[in-house]
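J.:
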Amino acid sequence: MTAGWRVGASLAARLISLAGALLVSALLATAQAAQAAPVAITDDRGVTVRLPAPPQRIVSLLPSLTETVCALGRCDRLVGVDRYSNHPASVRGLPTVGGGLDPQIETIVALRPDVVLAAVSARGIERLESLGLRVVALEPRTTAQARAALLALGGLLDAPRADRVWQAVEDGVAAAAAAQPSRVPPLRVYVEASAGGFAAGPSSFMGELMARLGWVNVVDAALGPFPRLNPEAVVRADPDLILIAERDAAGLAQRPGWAGMRAVREGHVCTFTPAQGDILVRPGPRMAEAAALMARCAAVRGTR
Amino acid sequence: MSAGSRPVVLAVALVALAVVGGWLGVGVGSTGWAWPGAAAADAVAAQIAWDIRLPRTAVAWLAGALLGLAGAVAQGLFRNPLADPFLLGSASGAALGVALALVGAGGASMALDGWSRLGLTGAAFAGALAGVGLTLALARGVQHTLRLLLAGVIVGVVLGAARELVTLADPAVLQAMQGFMLGSTALSGWPAVVVMAAALGLSGLTALGLGRVLDGLALGEATARSLGLPLGAARLALVGALALATGAAVAQTGLIAFVGLAAPHLVRAIAPARHASLVLLSALMGGALLLAADLAARALIAPQELPVGVLTALLGGGYLLWLMHRRGVLGGGS
Numbered sequence: 444m445t446a447g448w449r450v451g452a453s454l455a456a457r458l459i460s461l462a463g464a465l466l467v468s469a470l471l472a473t474a475q476a477a478q479a480a481p482v483a484i485t486d487d488r489g490v491t492v493r494l495p496a497p498p499q500r501i502v503s504l505l506p507s508l509t510e511t512v513c514a515l516g517r518c519d520r521l522v523g524v525d526r527y528s529n530h531p532a533s534v535r536g537l538p539t540v541g542g543g544l545d546p547q548i549e550t551i552v553a554l555r556p557d558v559v560l561a562a563v564s565a566r567g568i569e570r571l572e573s574l575g576l577r578v579v580a581l582e583p584r585t586t587a588q589a590r591a592a593l594l595a596l597g598g599l600l601d602a603p604r605a606d607r608v609w610q611a612v613e614d615g616v617a618a619a620a621a622a623q624p625s626r627v628p629p630l631r632v633y634v635e636a637s638a639g640g641f642a643a644g645p646s647s648f649m650g651e652l653m654a655r656l657g658w659v660n661v662v663d664a665a666l667g668p669f670p671r672l673n674p675e676a677v678v679r680a681d682p683d684l685i686l687i688a689e690r691d692a693a694g695l696a697q698r699p700g701w702a703g704m705r706a707v708r709e710g711h712v713c714t715f716t717p718a719q720g721d722i723l724v725r726p727g728p729r730m731a732e733a734a735a736l737m738a739r740c741a742a743v744r745g746t747r
Numbered sequence: 078m079s080a081g082s083r084p085v086v087l088a089v090a091l092v093a094l095a096v097v098g099g100w101l102g103v104g105v106g107s108t109g110w111a112w113p114g115a116a117a118a119d120a121v122a123a124q125i126a127w128d129i130r131l132p133r134t135a136v137a138w139l140a141g142a143l144l145g146l147a148g149a150v151a152q153g154l155f156r157n158p159l160a161d162p163f164l165l166g167s168a169s170g171a172a173l174g175v176a177l178a179l180v181g182a183g184g185a186s187m188a189l190d191g192w193s194r195l196g197l198t199g200a201a202f203a204g205a206l207a208g209v210g211l212t213l214a215l216a217r218g219v220q221h222t223l224r225l226l227l228a229g230v231i232v233g234v235v236l237g238a239a240r241e242l243v244t245l246a247d248p249a250v251l252q253a254m255q256g257f258m259l260g261s262t263a264l265s266g267w268p269a270v271v272v273m274a275a276a277l278g279l280s281g282l283t284a285l286g287l288g289r290v291l292d293g294l295a296l297g298e299a300t301a302r303s304l305g306l307p308l309g310a311a312r313l314a315l316v317g318a319l320a321l322a323t324g325a326a327v328a329q330t331g332l333i334a335f336v337g338l339a340a341p342h343l344v345r346a347i348a349p350a351r352h353a354s355l356v357l358l359s360a361l362m363g364g365a366l367l368l369a370a371d372l373a374a375r376a377l378i379a380p381q382e383l384p385v386g387v388l389t390a391l392l393g394g395g396y397l398l399w400l401m402h403r404r405g406v407l408g409g410g411s
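In the order they appear, the protein sequences are chains A and B.
Residue numbering for the first sequence follows the working numbering, beginning at 444 and increasing consecutively.
Residue numbering for the second sequence follows the working numbering, beginning at 78 and increasing consecutively.
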C-alpha cells in the first residue's frame, strides 16, 4: 500500500516536473519567437548580410570587434576569438581560431557560428563564405568607423541602446579632453604607435584622439595614418611630449640625435605597457580609456 | 630487383603514399585524429572532412607535384643539379607578380572569388616567366653553371626587393602578402584544386613529351644538336612548363621552399631513370613530400597549425646541408 502510494507520488512529481519543463520550454520558445526577427547588416565591403534572427553563436577575428560585441552586452554569444583578442578577461577562456592572417578554417567551421566577424583585410573570408558561413567584414580605423561598427553590430545583435553605449564612450572622451588644462601654444606631441618607428599620423584613430585633447601632432598629415618617420625628422620637430611603448623607450636616447632632444633630456616621455598599448591602438569601445590614458600622460609628463 | 624495375616500384610506392596520405589528410585536423568514415554521421564533421580537409590535402599534394615537376625540368633544362624554382628567380618573379596583381585589385586582400584566383595564377605565371627570362639573360645562356646560379640569386634578391617596395606602398597589400609569404594550404578549396590540376596536366604533358630533349641535353648541347633535336622551340616550351608549374603552385599556396630541389634529388638517388620517368617520379615525390609535411604541420601543434612553408624550409634546409656534408666527405676522400 505504502509502496503503491510512493509510486503514485513519484509519478505525480514526475508529471508536475514534466509540466513545469513544458511550461519553461514554452516560455523559452515565446522568448525566442520574440527575438527571432530577421536582422541585416551592411559591412565595410558593401556586402549586406541577412540573418533570420540575431546570431547566437559568434566568432570574432579582430580584437576591436570582440571588444565591441562585449561592450554591447553580447559577450556570452562569442564562441571563439582570434589569438590577439584579450579583452575583456572573459574572452580569454574561449577557443582561439588563429589570427587574421592565418584563420583556422576548420576550427571556425567546427564551432558552428551563426556569424563570423572579421577585418576586411583578413585572409580566408572567401573560403569561409564558400563553406556556407556568414561573414561580416568590418575594419574600423577611425572614430567615425568605430562608431558605425558599434551601431551596426548593435542592430545585428539586437543589442538594446547601442547608441547609449556609444554616447558613454563619447562622454568619456569629452571628459578627458575637458580635464586637460588649455595650453597656449598647444602641446606638440609625437606618438610612436608600434615598434619599428611607426608614428601615429593625424588621420589615424590615435591622431584623432590627440586632436580631441587639443594636442598638435608633429607628424605631417600628408604622410598617412601610420608613417615611418626618419628619426631626424622627429629631432627637427622637437615635440613637447613623446608617447612610446615601454619596450621601445629604453633605446630612445640611443637613437641618433635623440639624446639631446628637449623632451628626452627633460623626461617628457610617457611609456605605455603592452596592455595599455592595446587600449591606445584599438579603435573600439575603450576609446574613452585611451583618451584618459593620454590625458593622464600629459598631466604628469607634459609640463613645460 | 633489377635496375629497370626500380622506377616502376618507386612510382607504385609513391602513389600508395599519396593515397595513404590523402586518407590520413581527411582524418587529421584541429579536432585531432578522427576516423574519416565516422564523419558522415554529423553534417559539420562531414563538411570539415570533405570540403576542408580533402581539398587542402589535394592542394598540398598538387603543389608538391608542381614544384617537384618544376625542379626536375629546371635541373634537366639547365643541366644543373642545384637548379630549383627558387634559385632561378622564377618563384620570386611569381611572388612579385602576385603582389602587383594584389595592388591592381585595389588591395582587396585575399577575399577572392574563382576568377581572381585564376587571375592570380596568371600574374604569378607571367612573373615566373619574367624571372627566369631575366636570369637567363643575365647569365647569357645556360652554359656556365656558376654564372647561372649567381644570376638566379641576384634576380631573386632584386625581385624580392621590388616586391617589398610594392607591398610597402599599401598596408592592406602588405598584410595580404605577409600571409602569402608563409606558404600554406589552409585556405585552399576545390577551385584551387581545379586550377592546380589543370596546370599540372598541362606542364606535365609538356615535360613528358619533351623528355627526349632533356635526355639529349644531359649529354651536352652539341650532342643534343647532333641528335637533331629541336632545341630552340623545346627549350622555350620547357621554360613555359617550368613557369606555369611554379606560378600555379605559388599563386595558390604561397612560397614553399626546397620541395622542388629535393624531390628530383631523392628520385635520382633511389631510382635513376630517363627524363620522362624522372619528371613523372619527381612530381609524385614532390607530392608525397609536401603532403607529408602538410600533415605534420597540421598535427604537430594541434589544434593550432604551422604554415607548411616554414616546415619545408626547415626540413629542406636540413636535407640540403646533409647533402652538402656528404658530398664534402666524398669530395675530400677522392
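C-beta: ideal position from N, C-alpha, C; glycine also.
Quick caveat, the model's predicted, so the values are computed rather than measured.
Should arginine 83(B) and valine 103(B) be called a contact, given that it needs their Cβ atoms to be closer than 7 Å?
T.: Contact flag unset, no.
J.: My output table needs one value for alanine 182(B): the three-state DSSP class, helix, strand or coil.
T.: Coil.
J.: Taking the DSSP output, what are the residues bridged to glycine 523(A)?
T.: Looking at the DSSP assignment, glycine 523(A) forms a beta bridge with Val502(A).
J.: If you measure from the beta carbon of aspartate 128(B) to each beta carbon in chain A, is any gap under 7 Å?
T.: True, the Cβ-Cβ gap to chain A drops below 7 Å.
J.: I'd like the list of long-range same chain contacts for arginine 520(A), defined as Cβ closer than 8 Å, with 5 residues on each side in sequence excluded.
T.: These residues qualify, in order along the chain: Pro498, Gln499, Arg500, Ile501, Val512, Leu600.
J.: What's the gap between the Cα of leucine 308(B) and the Cα of alanine 301(B)?
T.: For leucine 308(B) and alanine 301(B), the distance between alpha carbons rounds to 8 Å.
J.: Take the Cβ of isoleucine 378(B) as the centre, count every other Cβ of all protein chains shown within 10 Å, and call the residue buried at 16 or more, exposed below.
T.: With fewer than 16 other Cβ atoms within 10 Å, it is exposed.
J.: By Cβ distance below 8 Å, which residues in the same chain neighbour leucine 391(B) in space, the five residues on each side in sequence not counted?
T.: There are no such residues.
J.: Using the beta-carbon of each residue, which ones in chain E are nearer than 9 Å to alanine 253(B)?
T.: Annotation note: the requested chain E is absent from the structure, which comprises protein chains A and B.
J.: Return no unless some Cβ of chain B is closer than 7 Å to the Cβ of arginine 555(A).
T.: Yes, arginine 555(A) counts as interfacial toward chain B.
J.: Give the secondary structure of aspartate 119(B) by DSSP, where H, G and I count as helix, E and B as strand, and everything else as coil.
T.: DSSP places aspartate 119(B) in coil when its eight states are reduced to three.
J.: With distances taken Cα to Cα, identify the nearest neighbour of valine 86(B) among Ile347(B), Gly393(B), Val385(B).
T.: Ranking the options by Cα distance to valine 86(B), first place goes to Ile347(B).
J.: Beta carbon of glycine 324(B), beta carbon of alanine 168(B): below 7 Å?
T.: No, these two residues do not count as a Cβ contact at 7 Å.
J.: Helix, strand or coil: how does DSSP classify serine 331(B) here?
T.: For the record, residue 331(B) in the displayed sequence is glycine; it is not serine. Three-state DSSP puts glycine 331(B) in coil, outside helix and strand.
J.: Near alanine 239(B), which residues of its chain fall below 8 Å by C-beta distance, leaving aside the five closest residues on each side in sequence?
T.: Answer for alanine 239(B): Leu173, listed in chain order.
J.: For the region 353–385 of chain B, enumerate the residues whose C-beta is nearer than 8 Å to any C-beta of chain A, in chain order.
T.: Flagged, chain order: Pro380, Gln381, Glu382, Pro384.
J.: Of all the CB atoms in chain A, is at least one closer than 7 Å to the CB of leucine 189(B)?
T.: Only weak support exists for where leucine 189(B) lies, its pLDDT of 49 falling under 50; the value from the coordinates is given anyway. Closer than 7 Å to some Cβ of chain A, the Cβ of leucine 189(B) qualifies, so yes.
J.: Can you tell me whether arginine 631(A) is helix, strand or coil according to DSSP?
T.: In this structure, arginine 631(A) counts as strand in the three-state DSSP scheme.
J.: Can you give the beta carbon distance from glycine 331(B) to glycine 386(B), rounded, assuming they're within the 8 Å contact cut?
T.: Contact holds; Cβ gap of about 6 Å.
J.: CA-CA distance, threonine 509(A) and arginine 375(B)?
T.: Approximately 27 Å, taken between the alpha carbons.
J.: Quick check: the region 159–166 of chain B against the region 224–239 of chain B, are at least 3 beta-carbon pairs closer than 8 Å?
T.: Touching, yes, given that three or more Cβ pairs across the two stretches are closer than 8 Å.
J.: Between serine 573(A) and the rest of its own chain, which residues show a CB-CB distance below 8 Å, the 5 nearest in sequence each way excluded?
T.: Cβ neighbours of serine 573(A) beyond the five flanking positions: none.
J.: Among the residues of its own chain, which have a CB less than 8 Å from the CB of alanine 95(B), if the five just before and after it don't count?
T.: For alanine 95(B), where only same-chain residues beyond five positions count, the Cβ hits under 8 Å are Trp138, Leu361, Gly364, Ala365, Leu368.
J.: Is it right to say methionine 401(B) is buried, meaning 16 or more other beta carbons lie within 10 angstroms of its own, or is it exposed?
T.: Its Cβ having fewer than 16 others within 10 Å, methionine 401(B) is exposed.
J.: Can you give me the start and stop residues for the alpha helix (DSSP H) that methionine 584(A) sits inside?
T.: Residue identity check: residue 584(A) is arginine in the sequence provided, not methionine. Per DSSP, arginine 584(A) belongs to no alpha helix (DSSP H) and is neither H nor E.
J.: How big is the Cα-Cα spacing for glycine 598(A) and valine 175(B)?
T.: Going from the Cα of glycine 598(A) to the Cα of valine 175(B) covers about 38 Å.
J.: Taking 7 Å as the CB-CB limit, is isoleucine 501(A) close to chain B?
T.: Closer than 7 Å: no.
J.: Pull up the CB-CB distance for valine 540(A) and threonine 550(A), whole angstroms please, since I reckon it's below 8 Å.
T.: With a Cβ gap of about 5 Å, valine 540(A) and threonine 550(A) count as contacting.
J.: Leaving aside the five residues before and after glutamine 152(B) along the sequence, list all residues of the same chain whose C-beta is less than 7 Å from its C-beta, in chain order.
T.: So the list reads Pro158, Ala160, Pro341, once near-sequence residues are dropped.
J.: Nearest chain B C-beta to leucine 508(A) closer than 7 Å, yes or no?
T.: Taking Cβ atoms only, chain B never reaches closer than 7 Å to leucine 508(A), which makes this a no.
J.: Please classify arginine 655(A): is it buried, with 16 or more other beta-carbons within 10 angstroms of its beta-carbon, or exposed?
T.: Buried: at least 16 other Cβ atoms inside 10 Å.
J.: Over what stretch of residues does the alpha helix (DSSP H) that includes isoleucine 347(B) continue unbroken?
T.: It spans 336–347 - the alpha helix (DSSP H) in which isoleucine 347(B) sits, taken as one unbroken run.
J.: Give the straight-line distance between the Cα atoms of serine 507(A) and alanine 135(B), rounded to the nearest whole angstrom.
T.: For serine 507(A) and alanine 135(B), the distance between alpha carbons rounds to 36 Å.
J.: Quick check: the Cα distance between threonine 389(B) and leucine 581(A), rounded to an integer number of angstroms?
T.: Computed Cα separation, rounded: 34 Å.
J.: Would you kindly report the start and end of the unbroken beta strand (DSSP E) that includes leucine 560(A)?
T.: Taken as a continuous stretch (DSSP letters only), the beta strand (DSSP E) holding leucine 560(A) covers 558–561.
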